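Enquirer:
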Amino acid sequence: IAATQPSTNWHLKENARDHHTSKFSSKELIVRRGQAFIVTFNGTEQPEQNLTFIAETGPKPSKLAKTQATFGISSTVSKESWSAVLQSTSSNSVSISIYSPPNAVIGRYKLSVQSTSSDSSSPASLGTFVLLFNPWSSGDDVFMPNKAECEEYVLEEFGIIFAGNKNHINSFGWNFGQFQGDILNICLSMLDRSLNYRQDPATDLSHRNDPKYLGRVLSAMVNANDDQGVLLGNWSGNYAGGKSPSSWTGSGEILQNWKKSGFKPVRYGQCWVFAAVLTTVLRCLGIPTRTITNFSSAHDADGNLRVDEFYDAYGNHLDRAADSVWNFHVWNESWFSRSDLGPSYSGWQVLDATPQEESGGIYQCGPASRNAIKEGDVDLDYDCPFVFAEVNADCMYWNYDSATGKKTLIFSKSTIIGQFISTKAVGRDDRVDVTNDYKYEEGSTKERDIFKKARKKLGLEDKFDPTAPTPQEIDQKPDISGKFRVAGPLEVGKDLSLILVLANLQSDAKTVHVNMTAWSTVYTRRPVHEIWKDSIPVILSPKEEKQFPIKIPYPEYHQQLTTDNTIQVTALCHVEGGIQVLVQRDITLDNPAIDIQVLGEAKVNKEVDVEVIFTNPIDMELMDCVLQVEGNDLLRGILEIDVPPLKASEKSSTKFKLIPFETGPKHLLVNFSCDKFAAIKTFKMVNVID
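To convert, note that position 552 of the sequence shown is 552 in the UniProt record's numbering; the numbers rise steadily by one, no gaps.
(1) Per the contact definition of three or more C-beta pairs closer than 8 Å, is the stretch 400 to 409 in contact with the stretch 272 to 283?
(2) Decide if Tyr397 is buried, meaning its Cβ has at least 16 other Cβ atoms within 10 Å, or exposed.
(3) In whole angstroms, what separates the C-alpha of Tyr382 from that of Trp272?
(4) Quick one, are the C-beta atoms of Asp609 and Lys657 less than 9 Å apart?
(5) Output the boundary residues of the beta strand (DSSP E) element that contains Phe24.
(6) Inspect the beta-carbon positions of Gly34 and Ser112 and report whether they are closer than 9 Å.
(7) What's the call for Thr128, buried or exposed, on a 16-neighbour Cβ count within 10 Å?
(8) Is DSSP giving Ala224 helix, strand or coil here?
(9) Please report the distance separating the alpha-carbon of Tyr523 from that of Asp564.
(10) Leaving aside the five residues before and after Leu498 along the sequence, list all residues of the same chain whose C-beta is less than 7 Å from its C-beta, in chain order.
(11) Pull up the distance between the alpha-carbon of Ile552 and that of Asp379, whole angstroms please.
(12) Is the beta carbon of Val307 sitting closer than 9 Å to the one on Ile480?
(13) How should Val387 be labelled, buried or exposed, when 16 other C-beta atoms within 10 angstroms of its C-beta is the threshold for buried?
(14) What residues match up with Gln114 in a beta bridge as DSSP calls it?
(15) So Leu305 and Ala389 are in contact, right, with Cβ under 8 Å, and what is the actual spacing, rounded?
(16) Could you have a look at Ile474 and say whether DSSP puts it in helix, strand or coil?
(17) Taking C-alpha atoms, which residue in Lys603, Ala368, Ser117 and Lys655 lies nearest to Gln597?
(18) Do you know offhand how far Leu155's Cα is from Lys259's?
(19) Who are the Cβ neighbours of Asp534 in its own chain at under 7 Å, not counting the five residues just before and after it?
(20) Roughly how many angstroms separate the alpha carbons of Tyr99 and Leu64, rounded to a whole number?
(21) Within its chain, find whatever has a CB closer than 7 Å to the CB of Lys676; leave out the 5 residues flanking it on each side and keep chain order.
(22) Indicate whether Ile362 and Asn257 have their beta-carbon atoms separated by less than 9 Å.
(23) Should Val501 be counted as a contact of the ligand FAD given a C-beta to heavy atom distance under 8 Å?
(24) Ile1: buried (16+ other C-beta within 10 angstroms of its C-beta) or exposed?
(25) Determine the DSSP secondary structure at Met144, reduced to helix, strand or coil.
(26) Where do the ends of the alpha helix (DSSP H) carrying Glu390 lie?
(27) Cα separation between Asp642 and Asp182?
(28) Assign Arg428 to one of two classes, buried (16 or more other C-beta atoms within 10 Å of its C-beta) or exposed (fewer than that).
(29) Taking just the CA atoms, how far does Lys543 sit from Arg216?
(30) What does the Cβ neighbour count give for Thr293, buried or exposed, with the cut at 16 atoms within 10 Å?
(31) Leaving out the 5 sequence neighbours to the left and right, which residues in its chain are closer than 7 Å to Ala3 when beta-carbon positions are compared?
(32) Reducing DSSP to helix, strand and coil, say where Gln5 ends up.
(33) Please report the straight-line C-alpha distance between Leu634 and Ala468, rounded to a whole angstrom.
(34) Between the C-alpha atoms of Ser324 and Cys395, what's the straight-line distance to the nearest angstrom?
(35) Per DSSP, Thr293 is paired with what?
(36) First and last residue of the alpha helix (DSSP H) that includes residue 751?
What follows is the structure, given as structure tokens:
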């Protein structure tokens with residue numbers, strides 16, 4: 001080989017097109033494993049059959065750890081190992097096709113070439129390239145046969161996340177932005193900052209061919225616990241010293257901030273932020289991934305497939321249990337095969353980056369096979385009991401007397417946890433319900449059998465549990481029933497109107513003392529501020545139903561509201577001579593609407609005006625108004641616009657210009673916030689033409 005450094009042509013455009021990596025904005029070659037790519041280089045004066053190539057990754061490459069491969073030119077591609085096939089030669093350049101095996105370690109590689117005829121020559125570097133997972137290749141663990149699903153779960157940069165509660169599902173857009181500027185490099189540096197890498201780099205690298213290993217490692221790295229990972233969680237309702245979790249609109253800003261600060265955790269995240277960032281990282285590396293929202297999601301801290309909630313005599317929800325039921329919780333599903341468990345457990349795997357419980361001593365969760373969850377195979381790796389409980393736990397509601405420490409069961413329910421499990425449709429902005437993929441029909445014999453099977457596998461059937469209610473407690477029947485009905489709009493800025501409906505189920509009169517409270521909560525249903533309370537004596541004639549209107553005016557709740565806009569209303573009914581009845585409802589208030597208009601046709605590299613219209617719905621002035629706009633291929637970075645204060649009922653119009661730089665359907669995300677409203681979000685699809 002000549003003493004001069006060979007110059008390399010990586011055929012960036014053709015290789016990127018063939019490898020579905022054209023969306024990366026990189027000057028470096030990015031390819032997928034298990035598929036050939038073309039390289040041309042000059043400066044070799046050797047006959048090509050005397051050339052040996054070396055591909056290596058990590059600080060201490062070795063053949064044993066699968067982080068180094070040496071290979072010559074052969075006549076055909078080997079499917080099992082790295083190989084090179086000659087494409088063409090000219091007087092001073094060689095074109096070769098390099099093939100990596102479908103189980104190659106992913107990451108940044110250095111490629112060099114050496115002459116085999118002269119021992120003395122040292123290898124000449126051809127440069128670096130990045131190797132990713134390949135869901136388009138049938139030999140890869142992440143192979144996804146449906147091409148439309150590959151497009152959505154690997155290449156789509158826009159997502160929709162579902163939130164709210166089971167009575168009232170709402171959604172917002174998210175910019176995953178996995179192909180933005182520096183995101184790939186940040187994802188690779190995330191791997192090099194993990195605890196596993198710090199403890200033993202060589203072993204960590206040798207496992208980077210395995211999606212289940214990387215999924216687990218990254219579920220730990222996205223939260224800041226244990227390893228100075230990306231995001232610091234905060235569920236207090238007070239987000240001073242950082243950004244409120246509801247104010248983010250995409251992952252790019254979070255990942256860039258993490259890197260810019262010298263890898264200090266970004267403040268603050270809650271479940272959907274952790275899940276969205278993990279989606280970005282896994283899609284970037286080529287593992288098909290989506291976000292999943294589970295409504296009425298159980299956090300079973302003690303692993304008994306039961307969540308206990310405690311209320312005092314006044315109906316206040318006490319924050320004294322480690323267990324909780326969240327209005328919703330967002331996690332991830334990633335698609336890959338489970339060679340460790342067998343083919344029936346392959347497919348979608350649950351990963352959860354929200355730091356809830358430790359697994360193996362650190363805050364990480366999964367991959368748990370979704371099929372294993374459905375079949376109650378909770379003894380399989382990883383963290384199946386926790387995920388099984390999130391969608392299946394039984395719920396126990398207790399009255400707790402703090403003076404005596406005595407707890408009395410109010411009632412138990414086995415059908416409220418795990419409802420309307422939701423994800424975005426492939427190729428459409430719609431909600432798809434996947435509850436049936438997590439469990440058999442609620443209340444069916446099959447579903448109860450699976451629950452018993454799971455309890456048995458966890459050794460809960462044979463163990464006496466002193467904290468469990470007695471069969472007598474579970475079987476007791478209440479004399480009255482109650483429910484809260486909504487009697488007006490559920491909107492921030494409007495009065496909250498409800499009706500408490502109580503019905504006597506017996507044929508004799510009942511005297512009831514009702515204690516009612518309303519608290520603002522975070523979406524995990526953790527109470528934050530008391531808003532309202534009231535007590536009423538009620539006499540119900542035999543079989544009588546009575547209605548009691550409740551009105552909480554906006555000025556009474558607006559200062560107590562958290563950015564989640566959630567209120568929990570509770571009525572604890574003390575029935576003379578009978579058991580207590582708990583009536584409760586979680587309410588999510590909608591923000592007022594905001595409207596986006598694109599004024600004219602959106603064309604590549606041409607200015608187009610956008611107008612955002614918002615009307616102040618309340619009779620107070622809105623201050624500190626800020627509009628935040630982002631959208632892949634429509635604008636670079638995030639646009640922040642200060643909006644002048646808005647008087648009562650005043651309408652504001654904010655105009656700005658976009659210069660789109662790619663054709664196709666693109667999404668513009670808008671987030672408006674001010675002193676009275678947190679994070680009013682909307683998105684608009686913009687079709688960019690040539």
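For each residue, glycine too, the CB sits at the ideal point set by N, CA and C.
Because the structure is a prediction, the values reported are computed rather than measured.
Expert: For this structure:
(1) No: fewer than three Cβ pairs fall under 8 Å.
(2) Your numbering for residue 397 matches position 397 in the sequence shown. Tyr397 is classed as buried because its beta carbon has at least 16 other beta carbons within 10 Å across all chains shown.
(3) As a working mapping, residue 382 is identified with position 382 in the sequence shown. As a working mapping, residue 272 is identified with position 272 in the sequence shown. In a straight line, the C-alpha of Tyr382 is about 21 Å away from that of Trp272.
(4) Start at 1 with the first residue of the sequence shown, and residue 609 comes out as number 609. Start at 1 with the first residue of the sequence shown, and residue 657 comes out as number 657. Yes; because the gap between Cβ atoms is below 9 Å, this pair is in contact.
(5) As a working note, residue 24 is residue 24 in the sequence shown. Taken as a continuous stretch (DSSP letters only), Phe24 belongs to no beta strand (DSSP E), as it is neither H nor E.
(6) As a first step, residue 34 must be located in the sequence shown, where it is residue number 34. As a first step, residue 112 must be located in the sequence shown, where it is residue number 112. No, the pair does not count as a contact, with Cβ atoms beyond the cut-off.
(7) Looking up residue 128 in the sequence shown gives position 128. For Thr128, the number of other beta carbons within 10 angstroms of its own is below 16, and it is reported as exposed.
(8) Within the sequence shown, the letter at position 224 stands for residue 224. Coil at Ala224, not helix or strand.
(9) On the sequence shown, residue 523 is found 523 positions in, with the first residue counted as 1. On the sequence shown, residue 564 is found 564 positions in, with the first residue counted as 1. Cα to Cα, Tyr523 sits roughly 6 Å from Asp564.
(10) Here residue 498 refers to the residue found at position 498 when the sequence shown is read from its first residue. Around Leu498: Phe484, Arg485, Val486, Ala487, Ile550 and Val569.
(11) Translated into positions along the sequence shown, residue 552 becomes position 552. Translated into positions along the sequence shown, residue 379 becomes position 379. When rounded, the distance between both Cα atoms is 48 Å.
(12) Sequence index remark: in the sequence shown, residue 307 carries index 307 (1-based). Sequence index remark: in the sequence shown, residue 480 carries index 480 (1-based). Result no, Cβ atoms of Val307 and Ile480 do not sit closer than 9 Å.
(13) Here residue 387 corresponds to residue number 387 of the sequence shown, with the count starting at 1. Residue environment analysis places Val387 among the buried positions, since at least 16 neighbouring C-beta atoms fall within 10 angstroms of its C-beta.
(14) Residue numbering aside, residue 114 sits at position 114 when the sequence shown is read from its first letter. DSSP, once it has assigned bridges, lists Thr52 as partnering Gln114.
(15) For the purposes of this step, residue 305 is taken as residue 305 along the sequence shown, with counting starting at 1. For the purposes of this step, residue 389 is taken as residue 389 along the sequence shown, with counting starting at 1. The Cβ separation is near 5 Å, so the contact holds.
(16) By 1-based counting over the sequence shown, the position of residue 474 is 474. Looking at Ile474 - three-state DSSP - the assignment turns out to be helix.
(17) Position 597 of the sequence shown, counted from the first residue, corresponds to residue 597. Among Lys603, Ala368, Ser117 and Lys655, the Cα nearest to that of Gln597 is on Lys655.
(18) Counting from 1 along the sequence shown, the entry for residue 155 is found at position 155. Counting from 1 along the sequence shown, the entry for residue 259 is found at position 259. Looking at the two C-alpha atoms, the distance is approximately 23 Å.
(19) Position 534 of the sequence shown holds residue 534. Taken in chain order, the residues that qualify are Met516.
(20) Within the sequence shown, the letter at position 99 stands for residue 99. Within the sequence shown, the letter at position 64 stands for residue 64. So the alpha carbons of these two residues sit roughly 19 Å apart.
(21) Numbered from 1 along the sequence shown, position 676 holds the residue referred to as residue 676. Taking Lys676 as the centre and dropping the five residues before and after it, the same chain places the C-beta of His558, Ile618, Met620 and Leu622 closer than 7 Å to its C-beta, in chain order.
(22) The residue given as residue 362 occupies position 362 in the sequence shown. The residue given as residue 257 occupies position 257 in the sequence shown. For Ile362 and Asn257, no; Cβs fall outside 9 Å.
(23) Among the components of this structure there are no ligands whatsoever, and the ligand FAD is therefore not found.
(24) The sequence position of residue 1 within the sequence shown is 1, counting from 1. Confidence at Ile1 is low in this model, with a pLDDT of 45, below 50, so its placement is unreliable and the value that follows should be read with caution. Counting Cβ neighbours within 10 Å, Ile1 comes out buried, since at least 16 surround it.
(25) Here residue 144 refers to the residue found at position 144 of the sequence shown. In this structure, Met144 counts as coil in the three-state DSSP scheme.
(26) Here residue 390 corresponds to residue number 390 of the sequence shown, with the count starting at 1. Start and end: Cys384 to Asn392.
(27) Numbered from its first residue, the sequence shown carries residue 642 at position 642. Numbered from its first residue, the sequence shown carries residue 182 at position 182. Cα-Cα distance, rounded: 28 Å.
(28) Taking the sequence shown and counting its residues from 1, one reaches residue 428 at position 428. Arg428 comes out exposed.
(29) The residue labelled residue 216 in the question sits at position 216 within the sequence shown. The residue labelled residue 543 in the question sits at position 543 within the sequence shown. Near 56 Å, if we compare the C-alpha coordinates of Lys543 and Arg216.
(30) Reading the sequence shown from its first residue, position 293 is the one you call residue 293. It is buried - the Cβ of Thr293 has at least 16 other Cβ atoms within 10 Å.
(31) Here the question's residue 3 lines up with position 3 in the sequence shown. Any reading at Ala3 needs caution, since the residue's pLDDT is 48, under 50, leaving its predicted position unreliable; the model's value is listed next. Its chain contains no residue whose beta carbon lies nearer than 7 Å to that of Ala3 once the 5 sequence neighbours on both sides are disregarded.
(32) For the purposes of this step, residue 5 is taken as the residue at position 5 of the sequence shown. Gln5: coil per DSSP, three-state reduction.
(33) Numbered from its first residue, the sequence shown carries residue 634 at position 634. Numbered from its first residue, the sequence shown carries residue 468 at position 468. Taking the straight line from one Cα to the other gives about 56 Å.
(34) Counting from 1 along the sequence shown, the entry for residue 324 is found at position 324. Counting from 1 along the sequence shown, the entry for residue 395 is found at position 395. Whole-angstrom Cα-Cα distance: 9 Å.
(35) By one-based count along the sequence shown, residue 293 stands at place 293. DSSP lists Val330 and Ser422 as the beta-bridge partner residues of Thr293.
(36) No answer is possible for residue 751: the residues shown for the chain start at 1 and end at 690.
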